[in-house]
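Single-structure report; data block below.
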Amino acid sequence: MKAGFALAVFALVGMLAGVADAKLSTPFEYVSNGVDIANYDLDNSDMVLALDVKVTDTKGSLELTLDRNLIDSRYNGKDDRFLVIADGDEVLYKETKTTQKSRTLKFNLNPDVELVEIFGTHVNGITFAQSEQPVVNIQNDQLQKLFTESTILKEKNGKLVDEINKLKAENEVLKKENKKLDGRVFELQNLVSAMDKKVKDLNSVVSEQVKTMFKWFSRK
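If you want it as structure tokens, here you go:
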């Protein structure tokens, strides 16, 4: 009984270890050192292979063997360089092996990297519409587009800041006018109070005069 239980525990531990060590199933072969690939995505429109990664070492490395039918980079019928981007920064790589069917790339990754993008001119057999250009030129076009959009957003943001500053200035003017108005209201209140006191005093004088006249007529 004890032996059977021990074997079951051993088998369970082995299964858990196997799951922990299991690599993500991908359409490309890869060897990782201090890097886990959590997910991947092939984008036919941008011609990019995107990898969600987690670098578990101080300096991780990836070696990817990419089938040419999966993703490739060609210009004028010849192999062209891929563009590898890690969290927005270009990554230098070495092409360690090149065959008619695949290309193998190797590069290092810093510990804080989470997204690796590999740009080419062909993905899943689909050729980019501008494949007559080198992949670097294609990427530069995309970066220029992003830069233009960013410039437009900055201009809009600048206009909003100007409007906010204008509103702040108008608000300060209103505050000053409000203070002046408060002073005028206070002066008006004082004037009303003074007039009210004069009216009361006048009423008292009139009342005394009426009483005096009443007494005088009563005597007659």
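Using the numbering used here, the first residue of the sequence shown is number 792, and each one after it goes up by one. Glycine included, C-beta positions come from ideal geometry on N, C-alpha and C.
For residue i and residue j, which I take to be in contact (beta-carbon distance under 8 Å), what is that distance rounded to the nearest angstrom?
i: valine 839; j: leucine 900; result: No, valine 839 and leucine 900 are not in contact; Cβ-Cβ is about 17 Å, not under 8 Å.
i: glutamate 854; j: lysine 897; result: 4 Å
i: lysine 850; j: alanine 829; result: With a Cβ gap of about 19 Å, lysine 850 and alanine 829 do not count as contacting.
i: valine 875; j: tyrosine 866; result: About 17 Å separates the two Cβ atoms, so there is no contact after all.
Taking 6 Å as the limit between beta carbons, can you name the residues of its chain near residue i, skipping five residues before and five after?
i: valine 914; result: Leu833, Asn835, Met838, Ile862
i: aspartate 843; result: Ala829, Asn830
i: alanine 841; result: Asp832, Glu908
i: serine 922; result: Because serine 922 carries a pLDDT of 47, less than 50, the predicted location of this residue cannot be relied on, and the following value inherits that uncertainty. Within the same chain, serine 922 has close Cβ partners Thr912.
i: serine 1019; result: The requested residue 1019 does not occur in the structure, where the chain is confined to residues 792 to 1011.
What residues in its chain sit with their C-beta under 7 Å from that of residue i, if we drop five residues either side in the sequence?
i: glycine 911; result: Met838, Ile862, Asp863, Ser864, Phe873, Val926
i: phenylalanine 819; result: Leu855, Thr856, Leu857, Asp858, Leu861
i: glycine 916; result: Asn860
Near residue i, what residues of its chain come up, given a Cβ to Cβ distance below 8 Å and the 5 sequence neighbours on each side ignored?
i: glutamine 891; result: Arg859
Mind checking residue i: buried by the 16 CB within 10 Å criterion, or exposed?
i: aspartate 871; result: buried
i: serine 823; result: buried
i: isoleucine 955; result: exposed
i: alanine 877; result: buried
i: glutamate 963; result: exposed
i: valine 997; result: exposed
i: valine 904; result: buried
i: threonine 895; result: buried
i: valine 882; result: buried
Pick from the options: whose alpha carbon is nearest that of residue i?
i: aspartate 880; options: Asn867, Asp987, Lys888, Leu906; result: Leu906
i: glycine 868; options: Pro902, Lys888, Asn994, Thr918; result: Thr918
For the region 873-924, which segments carrying the alpha helix (DSSP H) assignment without a break, of at least 4 residues, lie completely within its bounds, in sequence order? none
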